Structures are given as C-alpha cells and as structure tokens.
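Respectively, the protein sequence lines represent chains A and B.
Per my numbering, residue 22 is the first one in the first sequence, and the count goes up by one each step.
Per my numbering, residue 9 is the first one in the second sequence, and the count goes up by one each step.
Cβ atoms here follow ideal geometry from the backbone N, Cα and C, with glycine treated the same way.
Treat the numbers as computed from the prediction; the structure is a model and nothing was measured.
Report on one structure; see the data block that follows.
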Amino acid sequence: MDPVGAAPLLCTPFRTSSVGPSMKPAAFDYHAPATLDQALDLLRNHGEEARILAGGQSLVPTMAFRMARPSVLVDINRISALAYTKAEGNSLRIGALARHAWFETPVAAGPVGALLAQVAHSIAHAPIRQRGTFCGSLAHADPASEWCATVLALGGTLLLAGPDGRREIAAADWFQGVFTTAIEPGEMLAEVRLPLLDPGWRCGFAEFSRRAGDFALTMAVVAIRIEDGGMREVRIALGGIGGRPELASRAAALLIGQPPSAAIAREAAACAAADCDPQDDIHAPADYRRDLVRSMVRRALTQAFAA
Amino acid sequence: MNWVGRSLRRFEDPALLRGEGRFTADTTSGALVVRFLRSPIANGRIVSLRPPAEMPPGAVFVSATEMAGTATIKPMLHRFAYRAVEQPVLPGDRVHFVGQAIAAIAAATAELAEDLVEAIEVEYEVEPAVVGLDAALLPDAAPVHGAAPGNVAVEGVLRSPDCETVFAAAPHVVELAILSRRQNATPMEARAGCAQYDRATGRIRLTASVQMPHMLRTGIAELLGMAESDLQVVAPDVGGGFGQKMALFPEYAVLVWLARRHRGAFAWIEDRNENLIASAHSRDQRHVLRGAFDADGTLLGLEAEILANVGAFSAYPTTCGVEPLMAFAEYPGPYKVQAYSARARGVLTHTCPMAPYRGVSRPVITFGLERLMDQAAKAIGIDPVAIRRRNLVDSFPYQTATGLTLDDASYVETLDDAVALLDIPAFRARQAAARTEGRFIGLGLAVFNERTGYGTPAFAARGMGIVPGYEVVDIAMTPGGEIELRIGASPHGQGLRTTLAQIVADRLGVSPDVIRVIHGDTDRTPYGWGSFASRATVISGGACRTAADKLAVRLRAAAATVLQAKAEEITLRDGQAVAASGSSVALAALAKQVHQRSDLFDDFNLAETAAYDPGGTFSNACHAAIVEVDAETGLVRIERYLVVEDAGRIINPLIADGQVRGGVAQGIANALFEEIVYAEDGNILTGTLADYTPPTCAEIPTIEIHHRETISPATLTGAKGLGEGGSIGAPAAIANAISDALAPFGIEITEIPATPPRIRALIRAAEAAR
Chain A
22 MDPVGAAPLL CTPFRTSSVG PSMKPAAFDY HAPATLDQAL DLLRNHGEEA RILAGGQSLV
82 PTMAFRMARP SVLVDINRIS ALAYTKAEGN SLRIGALARH AWFETPVAAG PVGALLAQVA
142 HSIAHAPIRQ RGTFCGSLAH ADPASEWCAT VLALGGTLLL AGPDGRREIA AADWFQGVFT
202 TAIEPGEMLA EVRLPLLDPG WRCGFAEFSR RAGDFALTMA VVAIRIEDGG MREVRIALGG
262 IGGRPELASR AAALLIGQPP SAAIAREAAA CAAADCDPQD DIHAPADYRR DLVRSMVRRA
322 LTQAFAA
Chain B
9 MNWVGRSLRR FEDPALLRGE GRFTADTTSG ALVVRFLRSP IANGRIVSLR PPAEMPPGAV
69 FVSATEMAGT ATIKPMLHRF AYRAVEQPVL PGDRVHFVGQ AIAAIAAATA ELAEDLVEAI
129 EVEYEVEPAV VGLDAALLPD AAPVHGAAPG NVAVEGVLRS PDCETVFAAA PHVVELAILS
189 RRQNATPMEA RAGCAQYDRA TGRIRLTASV QMPHMLRTGI AELLGMAESD LQVVAPDVGG
249 GFGQKMALFP EYAVLVWLAR RHRGAFAWIE DRNENLIASA HSRDQRHVLR GAFDADGTLL
309 GLEAEILANV GAFSAYPTTC GVEPLMAFAE YPGPYKVQAY SARARGVLTH TCPMAPYRGV
369 SRPVITFGLE RLMDQAAKAI GIDPVAIRRR NLVDSFPYQT ATGLTLDDAS YVETLDDAVA
429 LLDIPAFRAR QAAARTEGRF IGLGLAVFNE RTGYGTPAFA ARGMGIVPGY EVVDIAMTPG
489 GEIELRIGAS PHGQGLRTTL AQIVADRLGV SPDVIRVIHG DTDRTPYGWG SFASRATVIS
549 GGACRTAADK LAVRLRAAAA TVLQAKAEEI TLRDGQAVAA SGSSVALAAL AKQVHQRSDL
609 FDDFNLAETA AYDPGGTFSN ACHAAIVEVD AETGLVRIER YLVVEDAGRI INPLIADGQV
669 RGGVAQGIAN ALFEEIVYAE DGNILTGTLA DYTPPTCAEI PTIEIHHRET ISPATLTGAK
729 GLGEGGSIGA PAAIANAISD ALAPFGIEIT EIPATPPRIR ALIRAAEAAR
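The structure is reproduced here in structure tokens:
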C-alpha cells in the first residue's frame, strides 16, 4: 500500500551521490589492450608495476584494501581472442578469459567435463562466477582455489606468453607458494590445457567450507583409472591446507592395484591425513584441517568409486 | 474495522524495494569526504602527530589539537561501583584499541582523502596490550584507564542470605562455565554521517544512521559546547541498528565540529572494515553458573559469576554496565528461584568498546540457564521437558529474586505447544535409528522471557546518569483530514510507520493510509529516546493510542457542533463521525471546517500530545532446534527451527514474524558462525566479511513461527515487545540440540559459536578419552 497514493512510478531514476561510490584503491594507470601482443607490450614496458586485470574478483578487493597497489592495470577483457574453451583431440584448451560460470554445464564430454561442472558450482557465489576466470585463478594461485587443485589432479599444462615467445609448464611445477607461481616478469598465462581423460577414468571432488561460497578450508580432487576391477592410475590433489595445492602421492600409491572399497578409501584418506602438513589459521587449526583432509579424501574417493 | 492484528504490508517497503529509500549516503551531495586515521596499535602513546606535508587546497586535517576544548565522552552510573571512564573524541596522547579514530582528513574526493590519511605523519610508542578477560584481571595487570585500577569498571553483587545453606543441603548441585565469544552486530548499512552548515541560520544539520537522534543531539552539543538548538539531527532510512547505532560515537562529533569550524558539509560513510573493527562490539562474556536442585529436579538456588569484557571505553548513554548488569538482574529468567546470588563485573581491555546488541546479555544468560537445565536433567535422570515444566513460573504476577515483576505470560504453555509440535517420541525413535548409521541428530529447547517495553523506572534502577524511558507523541489532523504522528522514537527497519498507524487507525475509525508517521528528525519530532530494548511498539505505541484517544475527544466535540448531537453519542468509524441518529460527517470535511471556520466551533485545535512511560512487561517464547552434526567435519546443519512466541497482542503478524525471524538468524550467527578474534597483541584478525562470517540465507533454515497472545495489563495496547526474542533463544536451543546430538560422545556445548573446529576438537577429545 502506498500511503501517498501517488501515480505509480514508471521508471527508477538513477541516483548518484558524491560519497557513496567511492574509489578506495591507490592511484593507478589503466590500459585496455585489444590484442594479446599489445598486452604483452604493456607488461614489458611497465615491468613488475603492471598487473593483469581479468575477472578482478581477487585483485579488485585487494586493491580496495590497498593491500595490492599496482601502478598499472592491464585489462585483458577486450581481447576477445582469449575467450574460449576448445576440446581438441584429447585435450581441453581453456583461454585466459574463460569465466568460471562457463564450466557449470560440461564444456566437454566425459569425466573431465563432468568434474569441472561439479567443481564450478563450488566456486564462490554465482555473481563471482560470472566474472572470475579459470586462468585468473591459476595465476592468482590462492591455496584454496578449486581450479588450482583440479588442474594439479588432472595433470594440466599451462601455456605462458611472454616477451620471448611462448613456453609450457606442468601444473606440478607452476605452484610455488601462497599467491606465488613460476611466472616470469613480462609473462601472461594465456591458456590452460587439461587432458580429456577417457571414460575409463572416474573423478571425485569434495570440499568443506563453513558457509556456502566461502573459501574452502580443505578440498580433495581425485582422478582414478580403473581397469579389470582394480585401480591402475590414481591422482589425489589437496587444496586449502598449505601454501599451494599438493598431491597426496603415498595415499594414491596405496590404492594402485586395489579394487574400490569403503575400507581402502578410509585407509587412503588416513594416509593422506597423516602425510599432510596443514597450516593453522583463525578458521581452522592444523589438527582440524587434518580431520578435514581425512574426511574430504574419503568422500572424493567414495564419489569416484561410485561414478 | 479492526486494523490491529492484520498483516498489513509495510508502508516502508515500496520505496525500499524500488531502491528509493533515502539513506545517509544519499544525502551527501556536495560534501567533502571524511576519512579517519585509525590506530594500528592496541595500546600506546602518540609520540607525534602531524598533518600530511602537502595538503591540497580545500583539504582539512583535524586532530585533538584542532579540537582543543572539546569535552570527553563520559556517561555515568551512580551505582554498582562504576568507574567513570572518559573517552576523548580524538585522543591527544594515548590510543586504547586498534581502530580508534585518531585524526581525520576531509577532501574533495574519497580517493584523495584516503591518500591524505596515508600521508599523515604519526609515531607511536607501543605498550603491551591487555586483551582478554584473564589478562585484564591478573593482580598485576596494567590498568587500561587510571580511573579503574584492576580494570573492573562496574561491579554488581547480590547475595541472597539463604543461598549458601540451600546449596549446602541440595541433593544435586550442577555447575557449568560458559563462554559467548565477541560479536559485531553487522548492520547491513554501516555507520554514516553528513554534517551540513546552514549559512542562513548558522545551524548544523547532521544526517546520520543512528537509533537515538535526540540523544545524539544532546550528546554532541555537550561535547562541543554548542547550543543544542543549533543542531538538528536527522535519522533518515537506517539500514539496521540492533543496538550498535545507539552509542554516541566520536566520529559524529568530529563531523559536526568540522561543519561548524569550516562552515561546510562533511560526510563520512563508514566502510565494512571500519565497522568490523571500530564501531562497537558485543557479547564476549564468560559465566560460571551453579544450580542447586532437589531430588525431583526443583531448582532451589542459583549462583552466577558474570564476567563481561567491555572493551576500552564506556558507551554513551548506556555505559559499559549495560551488558553485565542485565545478566546480573535477569539471570533467573522465567524460573521460580528465590535463592539467588550473583556477581557481575565489566572488565576493561584494549579492545573495541561494547554497545548493546539485540538481546543484551540475555542470549548469553539463556544459553547458560538452558544448558544448566539440560545438564541438571541429565544429572538427576529426568526429562529436559519435565525439569523445565517443574520450575517455570506459572502464576502471575511473580516477584523475582532481583525484584522484577513478571506479568501474565505463558511460559508453560509455549513449552507445551512446542513439545506437541515437535512430536518428541517420534524424534527419539528417529534419533536412535540415525545413530545406528553413524548419524547424529539432536533436539534442543530454550524457554526464556524477554523484558520489554520498560520505561524510566527500569533504567533509573540501574542508576544511570542519563535515564531513558518515556516516549512522547504529537498527533494532529491536517485541514485535509490526514493524521500526522510525530514520534520521539526512531525506527530503523522495524516498520513503525505501519504498526503505529494500525494502532491509531482503530482508535479514530480511519484507514491507516491516511496516517503519516513522522520520525527521525529532531526539528520535527518531540524529544524521545529512540528504538531499542524492544520498546517502541509498546511505549511509542501506547503514547500513540492515548494521543489518538485525546484527538478523538476533540473530533467528537467538533462533530457534535456540526451534527447538532451530544459529543458522547458520536462514534468515529470508517472515516466518519456518526451521531446516534445516523447522521454523519466525514472527518476530512470536519477537519477542514474546524481549521477554516473556527468561528463555528468552541475550539479550533485538532492537535494533542501524549506521553507513555510504562514499568515494563515480559514477552516469552519457547524455541526448539533439531540439528544434525556431521561427526567427521563438525558441521552443524539445522534441520528444523521452531518458535512459539508470546508477545501479547500482535499489532501486525507479518512484521512480528519478520522480527522473530531476523532475531533467530542473528541468534544462529551467535550460536554457530560469528566471532571477532583478537591476536594477543590486540590486533584484530577479523576485519573483513571473509574472516568475520555471518551466515547467509544458505545457512539459515526455514523458521517456523507460532504465536500465543497473553494480553497483559502491563501495557496500554496489550502488546509486548518482541524485537530481541529471536536472538535470545537461538544460541541456547542450538547448543542444547548439538549437545543432545553428541550425547553418545558425552559432549556438552559450553562455548559459542560452536564452530566446526570446536566441535571436532570436542569429538577428538572424547574419542581419545575412551
């Protein structure tokens, strides 16, 4: 009920105020190149002062807190040539502007497309998934990033474009620590390639966060090839427990040759928990993260076994 | 037509839903942007403080030096060994908590103001900080303020003479220690203020996101030594307060000072980080509770040792006594117990000061008392429902051990309603079956009362230097026949424009949509206290009812003249004054005549004033939660949440349910999610919403609400307040449900929030002990 009884409003006037939409970051120069080469030129010219802006879902809040103070932003959102996912042969190519939300429905047939879809739904909230990018997550290398653990579990490859041309690097060599990667000055992560595993593979993913959409306190991504009733290849990646995603190699080895069972899943989960060296923070003491590793590895394995 | 009792849609909502609400940030056009320099250290001396080396023209710097002559914020209590702690608006020599405002910059843009704040030259000498209760109470602890050696700022002690003998003779004594961690009320709109100088009159208008505009005006005028009438405070749409926005914050005094000194407009829109670290915190209490029980579960005696970490200063006007003294006065809750001893202390630390927060200690005491009831039931071997039923007050009025009068309520009945709705035998069967599958579900109850609608006597009993209580309402009928209500209360989301209109509509026989409620403007409303303590519907509503009745007398007298009838034979209905003969006149036509043809009437006035200052009443409720605990991860999922609420006469069920639901959500936050964490050096570790974690709609279950309406003679409208009850019951109900779920491990939840890591630690310890 409108107590004033005025005529209904047909449109809402857009309102501005001087204080509301304030700029909080430190000053920076902004460039929006149209091609990858232009972007690389900008990176070369500005050196370490420059940061790439893709989805901005991590960078922009950090800048608002003035914890990140790049003096140059290279916005790659206009480089439409980078906005793709392509299944080619037995690999999936993911361009630098592929958004998280694109993966919510499988981008490829088979176990990898299904796994990516499952993982995508666990990334933050829907609005963030519309903007944030797959490659941006890999470049940012947050220890709790779902994509980082996933790419590690799948044995993905990263394609870097730089002043001296292109180079490839394996996911296992990419992550070096919290927000730290093997990227070199002037380089940009242009593409990630994932092997399109054949249907003999089964995947599983489990993560734990206190609230829907929060950074996961711990996650496990598993990929298992089963042949003749036994596990032949096993990869278990853990995220959120230390400075970078890591493989639970001993737990994976323990499964080789075994048929899937609840008991073996528990055993491997206990092994992964015993081997890991979790960090302590206000959200989760190390002991608790170890509990979560046990639980998430068991759940991810159980899921893969049932797939 | 009865308007009271109807789920009228809120008059407030269309504008808000269209995005056309008017909040403080919408009023800042043309103002300089103010940003504050905040202390990065918890305790220490300011060695030097200088403005930025280069100040662009038009930018302004202000610190204690510029504001010399400003008084300190010093609220008073005249009882309870209160130590008057003084808070400088901006400190000149010492800082007392991380986040304390030290200086401010005003500049043309926000980015420039941010840059200039970074360029302020400041040097500190860091001293060790006293952060936690234990550290603050050590015999050799350094005092946070010289005025309070030992760091106890307020202390209430009550010793019931028979308590010791009761405990000595009791067959069962149950003791527990509980901990409710620190929270922030987290209103959706953070603090905000815009002070504008008016060149024509020399007055200042402060538009601010506050709950007590009149109080703020008085407080700021005193601090700055200005005429109160030179200051107008306007609270426009306010995006939630929950108690946090009651306090007189230094930032608002700085804004008014800037506007006066520099004859301009100055706006500060707080960001979330500032709100989390530097507005006001809440809870942070530790209680030790002992209950003496008879063999049949009758509560014979209660002892409470209450410690509240009140932070670095004392909030104006409520003082830092508000939390510990509330716990002290109301611990026995809805239970019959006369042997009661308690000691409550408010302890100063180098942390953000406390303000009241929805529930004010009662979420903590209900958590304590209802955990005590469950643990006692277990120790004695009786049912948790039976022990409550045995001890609940069931005849009224009842005088509590601390001298409060419990008026008519439905403690037992709401419990019985909840028990019937829950079908507990079926739940127990399901629980047993789940346990065989390794799943842990539990049911928890919380019965409590909520003191609401209390006026001057209740606040005076606390010995407050400033005694809030009454509310005043001015009512007037315009020549057009609309009714204007000018209220001293100041709603910030409660829907008072709607509920007060419903109350008045019934008294005057008009439709609520001809009634305008004018609030939140010290120039346009009578002096009043504001909206807090579940009081506005009761107190302002009672004053509205009386004011409407007084206006009705005038309208009938005027109608008597027009209709040539006796005034006492005229009724007001459907917007008409109707005589016994059936002849009638529309109130709008009557109003026009009274105003414009006063020659025809004995009196031309269609305005009245009424005040209301009641002693207070008690709402009550029974909450019940059914939860499932994932024993592997410690995650708690709320499967069902049930509220049986009794707030007397419900003016608007839609709004009442909204209040309950919002309160329960904040109670769930208290029980499971929210915690402000300080490091040992006093740095605050939860300065973002990624680290301080309120639940989202994904974590809040459907909340099932049932009502009873026990009409109490204690209030004019029969309505009792219900603003806080939701938040009061939820922590206890959920903690009891988790404890019930984890009974196979022997786990009792005594610390909230009961986060997954805490629950896992308890399970791990229980498994290790086996």
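Report the three-state DSSP secondary structure of residue i (helix, strand or coil).
i        : result
A/HIS67  : helix
A/ALA244 : strand
B/ASN192 : strand
B/ARG17  : coil
B/ARG657 : coil
B/HIS2   : The structure shown does not extend to residue 2 of chain B, since chain B spans only 9 to 778, so no value can be given for it.
B/ILE771 : helix
A/LEU74  : strand
B/HIS153 : coil
A/ASP235 : coil
B/ILE523 : strand
B/GLY538 : coil
Can you grab the Cα-Cα spacing for the pair residue i / residue j, in whole Å?
i        : j        : result
A/THR56  : B/GLU62  : 41 Å
A/PRO42  : B/PHE626 : Bear in mind that the predicted position of A/PRO42 carries a pLDDT of just 45, short of 50, making it unreliable; the figure below should be weighed with that in mind. Distance between the alpha carbons of A/PRO42 and B/PHE626: 44 Å.
B/ARG213 : B/VAL241 : 6 Å
B/HIS180 : B/GLU338 : 23 Å
B/ALA442 : B/ALA774 : 20 Å
A/ILE149 : A/LEU103 : 19 Å
B/ARG494 : B/THR533 : 5 Å
A/GLY198 : B/GLU636 : 37 Å
A/TYR51  : B/ALA92  : 53 Å
B/ASP531 : B/GLN204 : 15 Å
A/PHE326 : A/SER282 : 8 Å
B/LEU414 : B/HIS603 : 47 Å
B/ALA615 : B/GLY488 : 14 Å
A/ARG114 : A/THR178 : 10 Å
B/VAL522 : B/CYS552 : 15 Å
A/ALA135 : B/ARG766 : 35 Å
B/ALA618 : B/ALA555 : 5 Å
B/TYR406 : B/ASP34  : 49 Å
B/ALA749 : A/ARG214 : 47 Å
B/GLN667 : B/GLY734 : 7 Å
A/ASP23  : B/ARG18  : Reliability fails at A/ASP23, whose pLDDT of 42 lies under 50, so the model's placement of it is uncertain and the value that follows must be treated cautiously. Their Cα atoms are separated by approximately 9 Å.
B/THR758 : B/VAL672 : 19 Å
So what does residue i bridge to, in DSSP terms?
i        : result
A/PRO216 : A/SER112
B/CYS630 : B/VAL455, B/VAL652
B/CYS202 : B/THR215, B/ALA275
A/CYS224 : A/ALA244
B/MET362 : B/HIS289, B/SER322
B/ALA309 : At residue 309 of chain B the sequence reads Gly, which differs from the Ala that was named. According to DSSP, which records beta bridges pairwise, B/GLY309 is partnered with B/ALA300, B/ALA347.
B/GLY450 : B/VAL635
B/GLU485 : Note on residue identity: the sequence assigns Met, not Glu, to residue 485 of chain B. Bridge partners of B/MET485: B/ILE491.
B/MET472 : B/LEU85
B/ILE388 : B/ILE388 pairs with nothing; no bridge assigned.
I'd like the ranges of any beta strand (DSSP E) spanning at least 3 consecutive residues and lying wholly in the region 246-316 of chain A. 251-260
Please give the ranges of any beta strand (DSSP E) in the region 77-146 of chain A, keeping only runs that are unbroken, at least 3 residues long and fully inside the region. 93-96, 106-109, 112-116
Just to confirm the assignment: which complete alpha helix (DSSP H) runs, minimum length 4, are found wholly within the region 571-648 of chain B? Fully enclosed alpha helix (DSSP H) runs of no fewer than 4 residues occupy 595-604 of the region 571-648 of chain B, in order along the chain.
Would you list, in sequence order, the uninterrupted beta strand (DSSP E) runs of no fewer than 3 residues that lie entirely inside the region 50-135 of chain B? 52-58, 68-70, 109-115, 129-134
Residues in the region 94-122 of chain B having any Cβ partner in chain A nearer than 8 Å: THR117, ALA118, GLU119, GLU122
Beta carbons nearer than 8 Å to chain A: which residues of the region 640-673 of chain B have them? Listed by position along the chain: GLU640, THR641, GLY642, LEU643.
Would you list, in chain order, the members of the region 145-172 of chain A that have their beta-carbon closer than 9 Å to a beta-carbon of chain B? For the region 145-172 of chain A, which is checked against every Cβ of chain B, the residues closer than 9 Å are HIS146.
Members of the region 697-712 of chain B near chain A, C-beta cut-off 8 Å: Residues passing the 8 Å Cβ filter: ALA698, ASP699, THR701, PRO703, THR704, ALA706, GLU707.
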